[in-house]
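The block underneath contains the structure these notes are about, expressed in structure tokens.
Number of protein chains: 4
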Amino acid sequence: MKKIKYGMVGGGEGAFIGDIHRIAARIDNRFELVAGALSSNAARAASSAAKIGIDSERSYVSYEEMARVECARADGIDAVVIVTPNHLHFPVAKAFLEQGIAVICDKPVTLNLAQAKQLAEIIEQRGSFFRLTHNYTGYPLVRYARELVAEGTLGKIRLVQVEYAQDWLSDKQEETDNKQAAWRTDPEKSGAGGSLGDIGTHAFNLAQFISGQNVREICADIEAFVEGRQLDDNAHVMMRFDQGAKGLLWCSQVAVGNANNLKIRIYGEKGGLEWSQEEPNHLMYSPIGEPTRKLLRAGHGVSEIANRISRTPAGHPEGYLEGFANLYRDIADALLLHQQGLPIPAELQLIPGIKEGVAGLQFIEAAVRSSKANSQWVTLND
Amino acid sequence: MKKIKYGMVGGGEGAFIGDIHRIAARIDNRFELVAGALSSNAARAASSAAKIGIDSERSYVSYEEMARVECARADGIDAVVIVTPNHLHFPVAKAFLEQGIAVICDKPVTLNLAQAKQLAEIIEQRGSFFRLTHNYTGYPLVRYARELVAEGTLGKIRLVQVEYAQDWLSDKQEETDNKQAAWRTDPEKSGAGGSLGDIGTHAFNLAQFISGQNVREICADIEAFVEGRQLDDNAHVMMRFDQGAKGLLWCSQVAVGNANNLKIRIYGEKGGLEWSQEEPNHLMYSPIGEPTRKLLRAGHGVSEIANRISRTPAGHPEGYLEGFANLYRDIADALLLHQQGLPIPAELQLIPGIKEGVAGLQFIEAAVRSSKANSQWVTLND
Amino acid sequence: MKKIKYGMVGGGEGAFIGDIHRIAARIDNRFELVAGALSSNAARAASSAAKIGIDSERSYVSYEEMARVECARADGIDAVVIVTPNHLHFPVAKAFLEQGIAVICDKPVTLNLAQAKQLAEIIEQRGSFFRLTHNYTGYPLVRYARELVAEGTLGKIRLVQVEYAQDWLSDKQEETDNKQAAWRTDPEKSGAGGSLGDIGTHAFNLAQFISGQNVREICADIEAFVEGRQLDDNAHVMMRFDQGAKGLLWCSQVAVGNANNLKIRIYGEKGGLEWSQEEPNHLMYSPIGEPTRKLLRAGHGVSEIANRISRTPAGHPEGYLEGFANLYRDIADALLLHQQGLPIPAELQLIPGIKEGVAGLQFIEAAVRSSKANSQWVTLND
Amino acid sequence: MKKIKYGMVGGGEGAFIGDIHRIAARIDNRFELVAGALSSNAARAASSAAKIGIDSERSYVSYEEMARVECARADGIDAVVIVTPNHLHFPVAKAFLEQGIAVICDKPVTLNLAQAKQLAEIIEQRGSFFRLTHNYTGYPLVRYARELVAEGTLGKIRLVQVEYAQDWLSDKQEETDNKQAAWRTDPEKSGAGGSLGDIGTHAFNLAQFISGQNVREICADIEAFVEGRQLDDNAHVMMRFDQGAKGLLWCSQVAVGNANNLKIRIYGEKGGLEWSQEEPNHLMYSPIGEPTRKLLRAGHGVSEIANRISRTPAGHPEGYLEGFANLYRDIADALLLHQQGLPIPAELQLIPGIKEGVAGLQFIEAAVRSSKANSQWVTLND
């Protein structure tokens, strides 16, 4: 099968997320990394490129140049993966889209909502291919949970409780040499949200993805617990969905003892579901009036839709990288169809895109706005 | 040791909670049940009394009569246990307190805040002995969690996340012959709160008990998901504490798959704690920068304060009834001291009383008020 | 309902297990403790009796005298509870049985198999009432597991895997002032088995109780890991059952990190079960080809047989003491029927008695014999 | 870094394990698949090769031809991966080793012990590079467990309890069209062990790997529970180690409800460890007299040795494929050194090789021999 040739912007040495994307793209052998602007520091860009096997000729310092040159090459990249800090997402995406190159972008999609809307416009006008790596939607049992809800197995949904707790910013990491902490707590690079943008958007996306409902309005109380921190490191959000469900969203980077605890529970009139990212290979399903079932990835009672994106039998744990790889695999299939002007089937349309990106920024900005107004309810599309 | 002679109001046949209190009072052999007004239905009162071994002479239909007669008897009861629906708590408590009889009362303490304050006044004026059975405070590891916070082990507290989820009211149980459901969903008998009063007050009490902080203001969104239900069956509450912590409280009786899932997590600058009522024999403790510890009831590293109220070694699970019994045991000791006019030591003062009762009603009424005002922040002592 | 008047031999101050039995007997209010030979030390016997409310007149130093005197009293005890070290079980039981007093005895039933068989003979000849407190059979979900097997829900049983791991004898506790450790590691008081007798017999009993099969032969490798210890502190046992199942039994008192980890798994042609004593309120049930179910005590899908011995709804954890109390409650009912010469219904016959006691000693002695013969298979009724 | 060019024998369409190896080899981008004899069926070999991107020129039907031709090519493969049924391991490995091509082989290493010893001789004589994919040794926390034992953190090891339970052969799958079941239950293709060879060898290897001790002798009871099955589907094994530890090994493919439940517990004089393959991202560590710690992969308190083979931060679950990939990554590094005649550092010598392969066959054959002799103890190197 044809491999997607891709380049990467960001993700040089020392950047955690670049490696993640590269492994995820590699797992199913559908992508080939051939170009990069891995760092704005020329030396680091070059050494990073060498280390990961990008030809020095196709290692760029400037992403604008990369977009231009790659577009001009006969063997130019099909797609670019953007893994920079948030403030660069928009200009980089714009540069590549304008050269007709497909974009795979880390979340949140842009620095602010205005940029996100502008990007959406570009994409729509050009008919561009754009995908957003809300990677947690790639877990097979997340897909299965979504399917159970969509099929009505839980009945009308009443509650969506989602939380995403970490602890790595419990103290002032941004004053150490922790680069990850530095840009994430800097409004210039991160945007209006701290934990809201970094992890809250994942929780928000997951809540909408599984429930199949959009959040209509939220009421938020955000806080920077670490003294002197400019962006929130904790957020409490009450949600009301457009089809009547309600929910709570909690995101935190100061919850000591939590590594990467993303967890979602959905309750409807006829059943409940519970799934936790740290132990992603089972999904608890409770039909009303019956005992709870422990559903295993690729195990008994799980659908083909979920099994399609499993690689190993039940009991052979898959994890974060495989979930991420599921996005890449589906993106490869979808991009090939897109390149041929063919329609993209429903199962490949589950991958988040610009719509989810805009929603994420609406969420961040609404949460900030609500919190500033002492937790007034604000609608997401204000 | 001298046994406390007690009577019971409510708790006749078919009432779940009466049995619970009687077992809890019996476990440590410090109480003797000698009188009762177990039901307002004369036949049921008599048969219930006979069944549980109360002399027919001391089985009453009217609690007022019981208060009067028992007070007059030389061998009259030392204390009354009130396990009626909420609307009777106040008049019954008042009747016995006015006869000089100590009161042990189920929560919420009264039907509404006004009554609670009136009761507080009576208690203060008379110097009465009054205890409120927020039984979850009786779990040894809840006590230990409280101690860890108080000693500063977690540092300054930032977050208090508490939830209490059940599912038994997911459909309209109040229209079946479920007596428990009927009065709990009836504002005349239950008060302004549905799930808020029945279980939310437990969660609220636990949050304050362990954190050692009082909630200053809340912002709530309550809901009756089951059509036609008069009281909330779900509540989302954001909290701000008086010493700077924040928190979320979720209570629900429509979360399918949850039996009696009361869970609390506390995070401070230096550590985190997690405890779940359904598996109460361990407490997860995470010191910042170190691996999480699994502390066992009566196990390594747990304090004498917690061990004092354990009966069995680690690994021999204690549960709901033992936690409840811990309240009764301490109440017995405290009441004996009270009867002798002696001071009650600190360790026996952990048992909730009228102060916690008033706070519970403040919580319920503030939540209802906030929710009606579209989730405005309201202070608890408005 | 008539209360059983009972006395206790052993269980004075400092003896853990005496309190356990007294609480268990008290929980359902069917027993009244009126006499005791709590210690062979006269002073301790007297002070223990005083402390727990036994009339000094009925506090004995000699169990023989107690048996004689209580038998002679019009208001003498109905039953005696024996909670001494093992070597006294036989003479004490014999003394009371010969006075026509019912016996409730801790396990293992006697010091050795010869005594057990002799006791069985006495019981049979006199038609005595004798029960053995293999308390783990009192857990509701253990009863339910047994029922599921008996009903054929699992199909023909293939495997019975049971383990009972503790760690409190990981070092030489018997050389400290730990009285519990001292007698348990002393062959004169404990018998041929160390961990085998103390906890292995519980595991063995549970395996037979749930599977409904008897162990026909075993192959064992026992060990005293702590230097200088006279009795085993660890045993590995392979089992073959009389109806074709096989199994492993592991008991250990040197498995660091295990408090009281008794766990059993049963597998048949059509399903599997898993239950753990430290979290006794759920039972995992896996029908072949379907997802695993988490069955809750008193929850959905659990039978009346199990629910009869639950006191609280699902989600309100019951534990070790409640399981123990279930034995006492059923013993009370059975003893009342026995006293009247009435037949004892099947549901009350689940309580272990002398038959299980003999089997326990057969197990211990066969394990020792097999191990001495370098793990030859030996039948239990050799 | 130079990539290893490799070929594969076996692993055509429909063979689960071929994909696994290919993904594992791909994750860290150190291998390139360029040749294959994927099936002995010419059509399937060709279509499988085409599907996974092997040039038709280098897709072989005969492994002998492949060995010969690849050896002769200037750009011939550095290594071959053998993922056939067991009976082909030996001839295939021999063919490639004799052409000077490195071998990466699935377990058990050969059909029987005689072949394994012969293979060992070839490897020693030729100084060949040979590695065996006991993939469970590639989990970071397995490596860390091994390190904790080696450093003496647990003190002298007393107990090694290991189990590997599955349920996919609970009924007669070999009579359906389940190819995996067919060869695994056929002595001609699988060897003397059924579950013993397929999963028992993994358990055995893990026990030795973590404990750092060799099993000296075993006492086994093996069984084919499914009627008419020729090889064991369940085995009970008691073990004695050469440095004094003892242990139990249970492997089963008929334990309904178990997917791929490999679990190991190690107990020493000073501590205990517990790790489960199905939730491989934490390791429970219990120091004597202290609370149990939950150690997270890449989390607090875990060593550099373990972190070196982690790709994601704590809380981002890694699984089976990443563990497998850790073997491939280390094999790549080791093979490059081997090709240059350089010494292989200790950290790369943890990958199992022919020594572990011989031990695995000794285990299988000793278990069969012991079981046939009615569970006599037999030494492994008889």
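Residue numbers (my numbering), protein chains in the order written: chain A, 490 to 871; chain B, 490 to 871; chain C, 490 to 871; chain D, 490 to 871. Just so you know, even glycine gets a beta-carbon here, dropped at the ideal spot from N, CA and C.
According to DSSP, is VAL631/C helix, strand or coil? Along the third sequence, read from residue 1 onward, the residue named residue 631/C stands at position 142. Of the three classes helix, strand and coil, the one that applies to VAL631/C here is helix, per DSSP.
Under 8 Å, with one C-beta from each stretch per pair, do the segment 794–814 of chain B and the segment 766–777 of chain C reach the 3-pair mark? yes
Range of the contiguous beta strand (DSSP E) that encloses LYS583/A: Walking along the first sequence from the start, residue 583/A turns up at place 94. Element bounds for LYS583/A: not the beta strand (DSSP E) but the alpha helix (DSSP H), 578–587.
Below 8 Å, how does it come out for the segment 783–799 of chain C and the segment 628–638 of chain C: are there three or more Cβ pairs, yes or no? yes
Within a Cβ cutoff of 6 Å, which residues of the same chain sit near GLY689/C, ignoring the five residues on either side of it in sequence? Here residue 689/C corresponds to residue number 200 of the third sequence, with the count starting at 1. Excluding residues within five positions, the ones whose Cβ falls inside 6 Å are ALA724 and CYS740.
Beta-carbon neighbours of ARG515/C, restricted to chain G and to distances below 8 Å: The chain labelled as chain G is not found among the protein chains of the depicted structure, namely A, B, C and D.
Can you pull the chain C neighbours of ARG547/A, defined as C-beta to C-beta under 7 Å? Here residue 547/A refers to the residue found at position 58 when the first sequence is read from its first residue. The premise fails here: ARG547/A is roughly 49 Å from chain C at the closest Cβ pair, so nothing lies under 7 Å.
Where does ARG562/B land, buried or exposed, given buried means 16+ other C-beta within 10 angstroms? Walking along the second sequence from the start, residue 562/B turns up at place 73. Flag for ARG562/B reads exposed.
Can you grab the Cα-Cα spacing for the pair CYS560/C / GLY589/C, in whole Å? As a first step, residue 560/C must be located in the third sequence, where it is residue number 71. As a first step, residue 589/C must be located in the third sequence, where it is residue number 100. Distance between the alpha carbons of CYS560/C and GLY589/C is about 7 Å.
Does the distance from the CB of ASN601/D to the CB of GLY680/D come in under 7 Å? Taking the first residue of the fourth sequence as position 1, residue 601/D is located at position 112. Taking the first residue of the fourth sequence as position 1, residue 680/D is located at position 191. With a cutoff of 7 Å on beta-carbon distance, ASN601/D and GLY680/D are scored as near each other.
Nearest-angstrom Cβ-Cβ length linking LEU643/C and ILE755/C, presumed shorter than 8 Å: The residue you call residue 643/C lines up with position 154 of the third sequence. The residue you call residue 755/C lines up with position 266 of the third sequence. Confirmed, about 7 Å.
At which residues does the alpha helix (DSSP H) containing ARG673/A begin and terminate? Position 184 of the first sequence, counted from the start, is the residue given in the question as residue 673/A. If you look at ARG673/A, you'll find it in the alpha helix (DSSP H) that goes 668–673.
Would the beta-carbon of VAL745/B fall within 7 Å of that of SER775/A? Looking up residue 745/B in the second sequence gives position 256. Looking up residue 775/A in the first sequence gives position 286. Contact flag set, yes.
If I'm right that ALA709/D touches ALA803/A with Cβ under 8 Å, what's the distance once you round it to whole angstroms? Here the question's residue 709/D lines up with position 220 in the fourth sequence. Here the question's residue 803/A lines up with position 314 in the first sequence. So it is not a contact: roughly 28 Å between Cβ atoms.
Alpha carbon of ALA531/C to alpha carbon of GLY503/C, nearest angstrom: Position 42 of the third sequence holds residue 531/C. Position 14 of the third sequence holds residue 503/C. C-alpha separation (whole angstroms): 15 Å.
Within 10 angstroms of its Cβ, does GLY501/B collect 16 or more other Cβ (buried), or is it exposed? Looking up residue 501/B in the second sequence gives position 12. Buried is the call here.
Is any beta-carbon of chain B found at less than 7 Å from that of HIS576/D? By one-based count along the fourth sequence, residue 576/D stands at place 87. Not a single CB atom of chain B sits nearer than 7 Å to the CB of HIS576/D.
Buried versus exposed call for LYS735/C [16 or more other C-beta atoms within 10 Å across all chains shown]: Here residue 735/C corresponds to residue number 246 of the third sequence, with the count starting at 1. Buried is the call here.
Taking LYS783/D as the query, report the chain B residues whose CB atoms sit under 7 Å from its CB, ordered along the chain. Here residue 783/D is taken as the residue at index 294 of the fourth sequence, counted from 1. Going along chain B in sequence order, the residues near LYS783/D (Cβ under 7 Å) are PRO780, THR781 and LYS783.
Roughly how many whole angstroms lie between the Cα atoms of LEU826/A and ASP595/D? Looking up residue 826/A in the first sequence gives position 337. Looking up residue 595/D in the fourth sequence gives position 106. In this structure, the alpha-carbon of LEU826/A lies about 38 Å from that of ASP595/D.
Am I right that GLN719/A and ASP675/A are in contact with their C-beta atoms under 8 Å? What's the rounded C-beta distance? For this step, residue 719/A is matched to residue 230 along the first sequence. For this step, residue 675/A is matched to residue 186 along the first sequence. Cβ atoms of GLN719/A and ASP675/A come within 8 Å of each other, at about 7 Å.
Leaving out five residues before and five after LYS759/C in sequence, what residues of the same chain have Cβ atoms less than 6 Å from its Cβ? By one-based count along the third sequence, residue 759/C stands at place 270. Same-chain partners within the cutoff: LEU643, GLY644 and ILE777.
Within the present structure, is the beta-carbon of GLY627/D separated from the nearest heavy atom of the ligand FAD by less than 6 Å? Looking for the ligand FAD in the displayed structure turns up nothing, as the structure carries no ligands at all.
8 Å Cβ cut-off: residues of chain B touching GLY790/D: Position 301 of the fourth sequence, counting from 1, holds the residue named residue 790/D. Per Cβ cutoff of 8 Å: GLU779 and PRO780.
Can you pull out the residues from the segment 588–602 of chain C whose beta carbon lies closer than 7 Å to at least one beta carbon of chain D? Residues: none.
What alpha helix (DSSP H) runs, 4 residues minimum, are completely inside the segment 806–859 of chain B? 809–828
At a Cβ threshold of 7 Å, is MET727/B touching chain A? Taking the second sequence and counting its residues from 1, the one referred to as residue 727/B is at position 238. By this cut-off, MET727/B is an interface position.
Short of 7 Å Cβ to Cβ, which residues in the segment 749–761 of chain A face chain D? ASN749 and ASN750
Any C-beta of chain A under 7 Å from that of VAL745/B: Within the second sequence, the letter at position 256 stands for residue 745/B. So yes, VAL745/B belongs to the interface.
Where VAL923/C and TRP672/B are concerned, what is the direct C-alpha to C-alpha distance, given to the nearest angstrom? This structure leaves residue 923/C out entirely; chain C is present only between 490 and 871.
What are the boundary residues of the alpha helix (DSSP H) that includes ASN796/B? Looking up residue 796/B in the second sequence gives position 307. Where ASN796/B is concerned, the enclosing alpha helix (DSSP H) stretches over 793–796.
Neighbour flag for TYR625/A against chain D, beta carbons, 7 Å: On the first sequence, residue 625/A is found 136 positions in, with the first residue counted as 1. No, TYR625/A lies away from the interface with chain D (no Cβ there is under 7 Å from its Cβ).
On the DSSP bridge assignment, give the partners of ASN750/B in chain order. Here residue 750/B is taken as the residue at index 261 of the second sequence, counted from 1. Answer by DSSP bridge pairing, in chain order: ALA654/B.
Backbone secondary structure at GLU712/C - three-state DSSP: Numbered from 1 along the third sequence, position 223 holds the residue referred to as residue 712/C. Strand, per DSSP.
Contacts that ASN863/C makes with chain D (C-beta to C-beta distance below 9 Å): The count along the third sequence starts at 1 and reaches residue 863/C at position 374. Correct list: CYS708, GLN865 and TRP866.
Helix, strand or coil at PHE618/A [DSSP, three-state]: Position 129 of the first sequence, counted from the start, is the residue given in the question as residue 618/A. Three-state DSSP puts PHE618/A in coil, outside helix and strand.
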